Every structure is written in structure tokens, then in C-alpha cells.
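Read the structure below first, then the notes.
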């Protein structure tokens, strides 16, 4: 893939959730402007970070990019096509190329399915590799790719640790060979000693497979480690978007400065 | 360490075990520490390290769960473990208070903030409702709630997460405790709110001269707050020292792992983080010998047999209270740590070179990692 051209472009994106009153006659009394006019591009092969605090709209933005939600206004272009209002078969076809890794590896895996079945589910949904042996082989390859033992094909999620579960989530997201992977707080539910395993995995996959990665996090240190460019969100808007180095060395927006200054550590303790 | 004759809190060889269907969970396996008035101890560890159970045991909160508790918890000269429940209740919330991780669930949703605080005040002080209410408004002001005389009549859902945590702190402070136990006090909060709460705790410590035990998984939080740090792993303290010593010259490979596996806001960006391989052990059937040996890159075969004690390290820093439970020679450890810091800055590879450089054979076979697939590199691109 060539770098430097946008894979996804988001323009003037808005998502307003209506606030209503009344039981039988629901009246709209206002709206929560979860995402309120956001524009940015994700370049091919890069890692873009979106940071912000609870309620800033970063997860809603991810869901709009995935088209899990339909925006109130604005456009989402993916790989040259406008996907803002796609429906049905066309949307399903686009979703093959857009995948997501979720925050909580404990609740995002079906406890009644084996790992093999979980990782193979995208194939079933999209009717790929109908041959059983073929599907099994693909799943084993995926498990190997994310550093899981392919022999554990028939095990259930509860038999795995948090870090391994998150690997299962990553394997499932990679099954359809996506072009864009959106990871929403992929390590915040994991133990400290395990987080590095998953961050390293995402980074290696991104390098080796030429994936484009959008990383959503509240953790400024994780974003600094992982991302080429960083967007800072506050109250539904992007207040600053800059190259990693520039943002951390000389933040421009007062909110970015406040965020950086708030990270605990010995540095602040001494001041 | 405190130079007074008797520190405010002294925990001696505390053990807490929970009998379960699957076996006995040794949640806390013989820990000792002390905290003096006006000092802050940070207890760091991952989930399942026993840090929360140890903190709750100080207040007697594990008694009802059928725990087997041994050791001593000396608070202002009295052994809390030998107190009757009724006596303990006088200490709890009065001389020792605790704040919990999750402010949304720690307050009753159907009662006004004010009436919950009034209840806390009147539980230990013989005052009229009007006086207690006045004191409550004072407390809310002290923890930085704006317009406390109005907000006192709000319900918890009308408070933001940060304000609820402030209200919890106000409740904990109602009777001016000598010791505050804070269990992950800021983990559920946003980073800017976290900064405010930590600053508040520091201010209150200075103004009221409280001792604080802060329990967290976040090295950044203890680095900022604590005078001393104890690192817990599998129910034990594996390293303890003054904050600067622990962060500046850590001695235990687990502490190194914690410090090196987290991305930071400063210093060069590493190409790779150094994960700690495997995952935290079971407390029912912990690994033999040094509990950390299955995850330790420097483990030698005999480390699976010998159980290390927490001992002062030789030299002046050991006399200053720096203790570690590790079977490696002090000399070797120091060389490994300094090599490791350099290696991390270059490529961040597993430091086997450092090991041979330090004159140790490479660890063999099963001793290296209990879970090779958790550290295996992904091999190939998928397509």
C-alpha cells in the first residue's frame, strides 16, 4: 500500500442523540451532540490516535467510522467511496474491510463458543470458506498470527487469560483481511504487565500486514507509544490534531496542555 | 522510614487465606510494613496480587467472608486483629477510614449526599442533626465541592464521577481519621479529575497530618503520591523502598517489568515495549520457589526450589529500608538493570545478552516461560 493517501476521510461529521420527554407523545426537547462537526483523514498505513476523556465522543466517532451508527450530518468516505448512508448488502461488503477490536475481552467473546468458532464467525457471516477443513486451516493460521497456540482451537474463552482473550478478539478482527482496524481502548481492561503484549502485537501486525490502525484511548502514554498522528477530542470536537512528536513536545491547545499536565508521575510530584 | 519509636500502623507477617471449593486461596501470604503519621505508603500490584485484601483486612472487612487471618496489625499500639467486632467498629470510620475505587456504587442512590454524610458524622460523634449538617457542609467545602450549602441536598446521580469521589473522601474525613486507606481512588476517573483528587489527598494529608495507604496498579500514581512503595506479587511484598530509590534503582525483576512494560510520556519512544511474559499466577497453587520464576527472564533452575525472603539489600540503601525478595546476587541485579536500561533504549529485545554479559548461564527450558505462546512473535502476515 502506498502511504500518504487517505484511506478514510471524515468530513463535518455530526451525531446528535435526541433527548425526549413524555411517554406516549414523545417530544424532542433537545439533543446530545456526541460528535459535533469532526473532520479528519486516516492515511494508508498510518496509526492515528484519538484521545480524550469520558464523554468526549471518541467512541461514537469510532462507531460512525465503522458505520455501526449512521451520522446525523457529514460524510464518511472509505477507500474512495462514500459510505455515509450505505445499507444492506453494500454496507455488509464494506464492513469486511473495516474491523474493530473492543475494550473488554471478557464481554466481547461469546462464552458458549469455542475459540475456533469465534474466530471463524466472520467467515460464516460472509459465506467464505464453506469447506470445513479449509475454514479450520484459516482459523489456525489466524491464531498463529496473533501468537495463540493453534492447538487451542477447541477451547472456550474462560480458559484463556485477559491478554490471550484480547488476542482472540484481534484474530477475529483480522479474519476478513480488513484494510482498516479500529481499536477502542484495546488494553484498558488488561493487567499492566499484559498490556505491552497486546500493544506489541498490534504494532507488529500493523507493520507486517500494512494495516491502517485507528487507536482510541484515554491513555496519553499508550497513544504516544503507538501513533503517528494524534487527534485530541473534547466535547464532540477535535481541538487539536498533530504529528505525535509535535503534539507531545509542544501542545498548542490549552486542553491538550491540561491533559498532558494531568498525567501522574514523579515529574509532577516534584513540582 | 519513620524514626518514631512506634509507627502509627505496623503490619506484621499478615496472612489472609480464603478456603474455597477449589482449595485454599492464599490472598495475602506473610506481608509486613509500617506507616508513620503524615506519611504515604503506596502498595502497587496487579489484580490478584492481594493488595486490596490486605488493605481491607486492616479494617476487618474480610472477617465476614470466612477468611483465616494470622499475624498482627498494630494501630496506635493496639492489635486490630484481636479486637471484637464492636470495638473494631469504633476504630473503623473514626480513626481509620477507607475510600473505594468505584464512587458510583459506593454511595446509596436513594439518599441525599448530605444525609449519607450526616449519618457518617453521627455514627461516631454525639452531635445534633443540625450540627452534623453544618459539619457536612464544612467537609464538602473542604474537599472542593462548589456551593456546598446547596449541593448538600443533591442526590448522588446529580454529582459527576469526580464530585462523587470527593463526597466519598469527605465522608471518609468526617471524623478526622489518623489513617486513610485509599483503594484505587482514581482508577475509575478521567485523567484531569484524577489529578484534582490526587492533589486534594496531598493537601489534606498536609493539613490534617493523616497517614495514607494508597493501593493501586498505577506506578504513576504512587510515584506522585507515596513516600515509600511496596510492590506486591502473588500475595507477597517482593520489593519495598523509598519512592526515589524504588523508581531510580529498582532491584526486583518484576518491578523492572512493571516499569519497562508501560509506555511513558517522557524519554525516547521505544520500538517495542518489553512485556512481562505469561500472566499473574493462581493463588491457590502458586508456583514453587520464587513465585515470580515462571515469568522471570533471569530465573535459574534452582529458583523453582528456593523461596526468597524479603531482605534489606546490602549497603547504605538497604539500611535506608530498601528491601527485595530475589535470589539473584545484588551485584548481578545491578548490572542487569543498567544493561537492561541501555538495551531497552536501543531495540527493546529480551535481554539474554545482558544475562550472559552478567556472567549467568541462560535460563533453560521451562524455567524461562510458563506460557511460550503468550510471548511468541506473530510469524507471518496472514494473506
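Protein chains in written order, with this note's numbering: chain A, 12 to 282; chain B, 19 to 401. For glycine and all other residues, C-beta sits at the position ideal for the given N, C-alpha and C. The model shown is predicted, which means the values in this text are computed figures rather than measured ones.
When burial is assigned at 16 or more other CB atoms within 10 Å of the CB, is residue i buried or exposed?
{"i": "residue 228 of chain A", "result": "buried"}
{"i": "residue 150 of chain B", "result": "buried"}
{"i": "residue 367 of chain B", "result": "Caution is warranted here: a pLDDT of 36 is assigned to residue 367 of chain B, below 50, making its placement in the model unreliable, and the coordinate value is therefore given only provisionally. Counting Cβ neighbours within 10 Å, residue 367 of chain B comes out exposed, since fewer than 16 surround it."}
{"i": "residue 40 of chain A", "result": "exposed"}
{"i": "residue 117 of chain A", "result": "exposed"}
{"i": "residue 31 of chain B", "result": "exposed"}
{"i": "residue 33 of chain A", "result": "exposed"}
{"i": "residue 229 of chain B", "result": "buried"}
{"i": "residue 208 of chain B", "result": "buried"}
{"i": "residue 95 of chain B", "result": "exposed"}
{"i": "residue 295 of chain B", "result": "buried"}
{"i": "residue 315 of chain B", "result": "buried"}
{"i": "residue 358 of chain B", "result": "buried"}
{"i": "residue 191 of chain A", "result": "buried"}
{"i": "residue 71 of chain A", "result": "buried"}
{"i": "residue 193 of chain A", "result": "buried"}
{"i": "residue 371 of chain B", "result": "Its pLDDT being 41, under 50, residue 371 of chain B is placed unreliably in this model, and the value from its coordinates should be taken loosely. By the neighbour-count rule (16 or more Cβ atoms within 10 Å), residue 371 of chain B is not buried but exposed."}
{"i": "residue 96 of chain A", "result": "exposed"}
{"i": "residue 211 of chain A", "result": "buried"}
{"i": "residue 234 of chain B", "result": "buried"}
{"i": "residue 45 of chain B", "result": "buried"}
{"i": "residue 266 of chain A", "result": "buried"}
So residue i and residue j are supposed to be a Cβ contact under 8 angstroms. How far apart are they, rounded?
{"i": "residue 427 of chain B", "j": "residue 43 of chain B", "result": "Limits of chain B in this structure are 19 at one end and 401 at the other, which puts residue 427 of chain B out of reach."}
{"i": "residue 78 of chain B", "j": "residue 59 of chain B", "result": "Not confirmed; about 19 angstroms, so no contact."}
{"i": "residue 244 of chain B", "j": "residue 232 of chain B", "result": "6 angstroms"}
{"i": "residue 45 of chain A", "j": "residue 63 of chain A", "result": "Not confirmed; about 12 angstroms, so no contact."}
{"i": "residue 321 of chain B", "j": "residue 345 of chain B", "result": "5 angstroms"}
Taking the alpha carbon of residue i as the reference point, which residue from the options has its own alpha carbon closest?
{"i": "residue 153 of chain A", "options": "A:185, A:167, A:139, A:176", "result": "A:185"}
{"i": "residue 349 of chain A", "options": "A:161, A:198, A:128", "result": "This structure cannot settle anything about residue 349 of chain A, because the visible part of chain A is limited to 12 through 282."}
{"i": "residue 201 of chain B", "options": "B:168, B:294, B:240, B:293", "result": "B:240"}
{"i": "residue 203 of chain A", "options": "A:230, A:104, A:128", "result": "A:230"}
{"i": "residue 51 of chain A", "options": "A:149, A:27, A:18", "result": "A:18"}
{"i": "residue 310 of chain A", "options": "A:54, A:28, A:55", "result": "Beyond the ends of chain A as shown, which are 12 and 282, falls residue 310 of chain A; an answer cannot be given."}
{"i": "residue 214 of chain B", "options": "A:211, A:193, A:275", "result": "A:275"}
{"i": "residue 177 of chain B", "options": "B:193, B:163, B:167, B:189", "result": "B:163"}
{"i": "residue 252 of chain B", "options": "B:302, B:287, B:264", "result": "B:302"}
{"i": "residue 236 of chain B", "options": "B:227, B:125, B:265", "result": "B:265"}
{"i": "residue 61 of chain A", "options": "A:97, A:120, A:249", "result": "A:249"}
{"i": "residue 61 of chain B", "options": "B:290, B:344, B:258", "result": "B:258"}
{"i": "residue 55 of chain B", "options": "B:155, B:39, B:224, B:183", "result": "B:224"}
{"i": "residue 38 of chain B", "options": "B:343, B:321, B:85", "result": "B:85"}
{"i": "residue 54 of chain A", "options": "A:224, A:205, A:147, A:104", "result": "A:224"}
{"i": "residue 254 of chain B", "options": "B:25, B:47, B:27", "result": "B:47"}
{"i": "residue 275 of chain B", "options": "A:206, A:263, A:179, A:93", "result": "A:206"}
{"i": "residue 175 of chain B", "options": "B:217, B:123, B:219, B:211", "result": "B:123"}
{"i": "residue 238 of chain B", "options": "B:211, B:206, B:277", "result": "B:277"}
{"i": "residue 227 of chain B", "options": "B:105, B:198, B:217", "result": "B:198"}
{"i": "residue 104 of chain A", "options": "A:122, A:181, A:134, A:84", "result": "A:134"}
{"i": "residue 217 of chain B", "options": "B:344, B:195, B:187, B:196", "result": "B:187"}
Item to check | Near-chain B residues of the segment 236-263 of chain A - C-beta to any C-beta below 9 angstroms | outcome: 236, 237, 255, 256, 259
Item to check | the segment 209-226 of chain A: positions lying closer than 7 angstroms to chain B by Cβ | outcome: 210, 211, 212, 215, 216, 219, 220
Item to check | In chain order, each alpha helix (DSSP H) run of at least 4 residues that lies wholly inside the segment 39-102 of chain A | outcome: 69-76
Checklist entry - What are the complete alpha helix (DSSP H) segments, minimum 4 residues, inside the segment 28-88 of chain B? => result 69-76
Checklist entry - Can you list, in chain order, the residues of the segment 183-209 of chain B whose Cβ is nearer than 9 angstroms to any Cβ on chain A? => result 204, 207, 208, 209
Item to check | Complete alpha helix (DSSP H) runs within the segment 122-209 of chain A (minimum length 4 residues, chain order) | outcome: 126-137, 143-156, 173-185
Next on the checklist: Under 7 angstroms, CB to CB, which of the residues in the segment 246-263 of chain B have a partner in chain A?
Outcome noted: Flagged: no residues at all.
Item to check | Unbroken stretches of the alpha helix (DSSP H), 4 residues or longer, contained in the segment 228-284 of chain B | outcome: 237-243, 261-266, 271-278
Checklist entry - Quick one: complete alpha helix (DSSP H) runs, 4+ long, within the segment 148-210 of chain B? => result 166-169, 179-191
Item to check | Runs of beta strand (DSSP E) lying entirely within the segment 86-149 of chain B, each at least 3 residues, in chain order | outcome: 86-93, 114-117
Next on the checklist: If the cut-off is 9 angstroms on Cβ atoms, which residues from the segment 267-290 of chain B count as contacting chain A, listed in chain order?
Outcome noted: The segment 267-290 of chain B vs chain A, Cβ under 9 angstroms: 272, 275, 276, 278, 279, 280, 281, 282, 283, 284, 287, 288, 289, 290.
Checklist entry - According to a CB-to-CB cut-off of less than 8 angstroms, which residues of the segment 63-88 of chain A neighbour chain B? => result Of all residues in the segment 63-88 of chain A, only 64, 65 come within less than 8 angstroms of chain B when Cβ atoms are compared, listed by chain position.
Checklist entry - What are the residues of the segment 35-62 of chain B that lie near chain A, defined by any Cβ-Cβ distance shorter than 8 angstroms? => result Among the residues of the segment 35-62 of chain B, none has a Cβ less than 8 angstroms away from any Cβ of chain A.
Checklist entry - Which ranges does the beta strand (DSSP E) cover as unbroken runs of at least 3 residues, wholly within the segment 220-273 of chain A, from first to last along the chain? => result 223-228, 240-245, 248-254
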